[in-house]
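A short write-up of the structure that comes next.
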Amino acid sequence: MPKDLEELRTHLDTIDRRLVDALSERRGLVEQVARLKADSGRAVRDAERERELIARLVEQGRGGGLDPFYVTRIFREIIEHSVRLQEVLHDDAGASAEQGTIVVGYQGGIGAFSYMAATRHFGTRPDDIVYQGFSSFASMLDAVKQERIDYAVLPIENSIAGSINESYDLLARMNLHLVGEEVQRVVHCLIALEEIPLSRIRRVYSHPVALAQCGEFLSTLTNCHAEAYTDTALSVSKIKDEQDLSQAAIASEEAARHYGLPILKRDVADQKENYTRMVIVGKAPVVYERRIPCKTSLIFSTRHERGALARCIVGLTDRGLNLTKLESRPKRNSPWEYIFYVDFEGNVADPEVAAALELLATNASFMKVLGSYPARTTKDAPSAAPDVERPRPGPRRREGDVSIDPAVERQLEKKHYRLVSRTHRPDSTLISVGGVIIGGERPIVIAGPGVVESRTQIRRCAQLAQELRVDVLRGGCFRPTRAGDRFQALGYEGLEFLEEAGRESGLPIIVEVVDPADVERVARQADLLQVGARNMQNYALLAEVGKIDRPVLLKRSRTATIDEWLTAAEYILTHGNQQVILCERGIRTFAEETPATLDLSAIPIVQERSHLPIIVDPTHALGEARWVPPMAEAALAVGAHGVMLEAHPDPARALVDGPQSLSFEQLRESMSRLRGA
Ligand code: PEP
Ligand code: MN
């Protein structure tokens, strides 16, 4: 080894040791924080502090040339670890604090996704942890029951494949308790014995669910047969044992590392967002303090009475419980009878929750609480995504905007629209765009370039958007060609770049669709579809976006009245899709200084007539970047649910719409004013 390489490696080793020392020191402090919080009854999680911490570190890292996504990813993991540690410490304080060896079961081999969830969940415990693989869920749960192991990690549902019925059936049958959950991100990799061309692979082994999730990729391998095997990680072990070069396996990166085999291709699943929810099963329940946000899972069966199911559900929701899951399963040996699985936010230790459950038990023929445990959501799975649910200053919508003035109601009854009308639905509609709620009290910001020009351009926009806590990333990929346009939009290639940038930054994405034939395909990749101003009355396009289950942003045409605009929205709703967000972007008047006149009067009027959310795009109305920020503030001041701003890393060199695009500095400044900072 050359001398300087050796020296550099020694230096790296020193730095790595310092990192580990720093992490241990951090852990010590977290323990002290946990005690203080417990004494003062403060919540374990402080989302606002977490966000500030990450924003600060991202800024610091930027100075040292570190990618913001990288810094975010690492610190999300560190923070998650600290939250788990605080939960565990609390747990120990409650029970006898004796430390010992805990045996945790999982199904499959080392590197299985359950194994990874197990190590994440239990890795923070002060105890010695022994992980034990099982060949089946049933044998694993039996071991818990017979106290041969302490806990089992049981996959219960997958974000693509849905519920894992076998797990539910076992939980219904066995008297065990849920004491925790984990959300495990699943990234499938193609693993082989050596770095060989894909064309030489003849057989691919994996768990049947994993094979099904990689169907599109597998179909591109010619003369190759996919074969189901008990577990992802064990299929890696199998190909290693058999030493046949034409065999490959699909499993986690962890499994490849464990068996020392190369990854031929990473992330081969048809859908990139893939999570499995696992529950931690124990023999006895654990009571968590109310400071820890919990979820409760239970099972019930209904009485043989008309309306029995509705009564049970209403009984829960009337008490203000937020149901996060409801699932029915056939009852064993009773054809056409069902048992129901419910998850809701809350803790049975809370007297109000206990009262709601008592009522449920009265209405049901059977009820069993499986457990209350600290809740994890997909957002808590390690990712670069910053948390988006934070209260922000901004105009507050009037309380009780659900009662309609009788005079307004009489007017509305004469209109040519019904589904979008407040008379049809008095409550304001909230729309979730990849988890960001639009239409509520907190105004949202959509930002990004007019069009996606390159991977680098959209990636830079996404980094800034993440840093500035923008809610949704925009970027045009398909545009109606306009006079004077010399730029050819990138189409699906641009959408790939946008999707990748959105995924890296944890931001949902919006893209305009112009051709009805593209709607279904675009909807698979984008979180929000935009119908442009020029297409507001393109009924073929409206019908198509009306048939998908994806939110749609409907821009107002420059020449449409408010009622014509609402009628266009109505047309979408009549096709089934109720998730329409209206966007005011300027109308034609005699004002010559701007491409259009931003009609902010439309905001309160639309809000009176319709329950749909409404946002404002000042960029396309003003046409000049420096005029955009004050109008964005004005939009929020009159109660818009959000704004959309065009921004570009280098407006002077933008391929289209440069003059109207905010520079990064202008966006930063505008965001801080919009957020009231
Ligand atoms: C856009 O948002 O890029 C756009 C083309 O908007 P509009 O349809 O409002 O002109
Ligand atoms: Mn534009």
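One point on numbering: in the numbering used here, the residue at position 457 of the sequence shown is 457, and numbering is uninterrupted.
Quick reminder that beta carbons are idealized off the backbone N, C-alpha and C, glycines included.
Assigned exposure category for residue i - 16 Cβ within 10 Å defines buried
i      : result
Arg17  : exposed
Phe590 : exposed
Tyr571 : buried
Arg653 : exposed
Pro391 : Since pLDDT at Pro391 reaches only 36, below the 50 mark, its modelled position is unreliable, and no value is offered.
Tyr70  : exposed
Asp405 : exposed
Leu541 : buried
Gly676 : exposed
Euclidean distance between Cα positions of residue i and residue j
i      : j      : result
Asp267 : Leu529 : 25 angstroms
Ala117 : Val153 : 8 angstroms
Leu316 : Ala356 : 6 angstroms
Phe75  : Glu31  : 18 angstroms
Leu85  : Leu5   : 38 angstroms
Tyr678 : Ala138 : Because the chain is modelled from 1 through 677, residue 678 falls outside the range shown and cannot be assessed.
Tyr288 : Ala568 : 50 angstroms
Ala621 : Arg422 : 28 angstroms
Ser237 : Leu190 : 13 angstroms
Thr362 : Ile603 : 47 angstroms
Phe344 : Arg556 : 39 angstroms
Leu359 : Val348 : 13 angstroms
Cys214 : Ala269 : 4 angstroms
Thr10  : Tyr106 : 38 angstroms
Pro126 : Val88  : 9 angstroms
Ile587 : Leu468 : 30 angstroms
Distance cut-off 7 angstroms: residue i Cβ against heavy atoms of ligand 1
i      : result
Ala533 : yes
Asp650 : no
Asp617 : yes
Gly450 : yes
His121 : no
His620 : yes
Lys272 : no
Arg588 : no
Arg479 : yes
Arg585 : yes
Gln607 : no
Lys547 : no
Gly494 : no
Gln109 : The residue asked about is misnamed: residue 109 is Gly in this sequence, not Gln. Not so, every heavy atom of ligand 1 lies at least 7 angstroms from the Cβ.
Glu624 : no
Ile476 : Reading off the sequence, residue 476 comes out as Gly, not Ile. Yes, the beta carbon of Gly476 sits closer than 7 angstroms to at least one heavy atom of ligand 1.
Gln530 : yes
Lys283 : no
Lys145 : no
Glu512 : yes
Three-state secondary structure (DSSP) of residue i
i      : result
Ala251 : strand
Val697 : Limits of the chain in this structure are 1 at one end and 677 at the other, which puts residue 697 out of reach.
Lys295 : strand
Asn363 : helix
Ala256 : helix
Tyr322 : The sequence as given places Asn at residue 322; Tyr does not occur at that position. Looking at Asn322 - three-state DSSP - the assignment turns out to be strand.
Leu370 : strand
Val552 : strand
Lys331 : strand
Gly476 : strand
Asp204 : Here the sequence assigns Val to residue 204, which means Asp is not the residue at that position. Strand.
Gln578 : coil
Val209 : helix
Glu305 : coil
Where the alpha helix (DSSP H) through residue i begins and ends
i      : result
Ile562 : Ile562 to Thr574
Ile156 : Premise fails: Ile156 lies in the beta strand (DSSP E), Tyr151 to Asn158, not in any alpha helix (DSSP H).
Pro604 : Ala602 to Arg609
Lys37  : Lys3 to Ser40
Gln463 : Arg455 to Glu467
Thr619 : Pro618 to Leu622
Glu493 : Tyr492 to Ser505
Leu171 : Asn165 to Arg173
Gln60  : Ala47 to Gly63
Terminal residues of the beta strand (DSSP E) in which residue i lies
i      : result
Gln243 : It is not in any beta strand (DSSP E) - Gln243 carries neither H nor E in the DSSP assignment.
Thr276 : Tyr275 to Gly282
Gly448 : Ile444 to Gly448
Ile191 : Cys189 to Ala192
His177 : His177 to Arg185
Gly105 : Thr101 to Gln107
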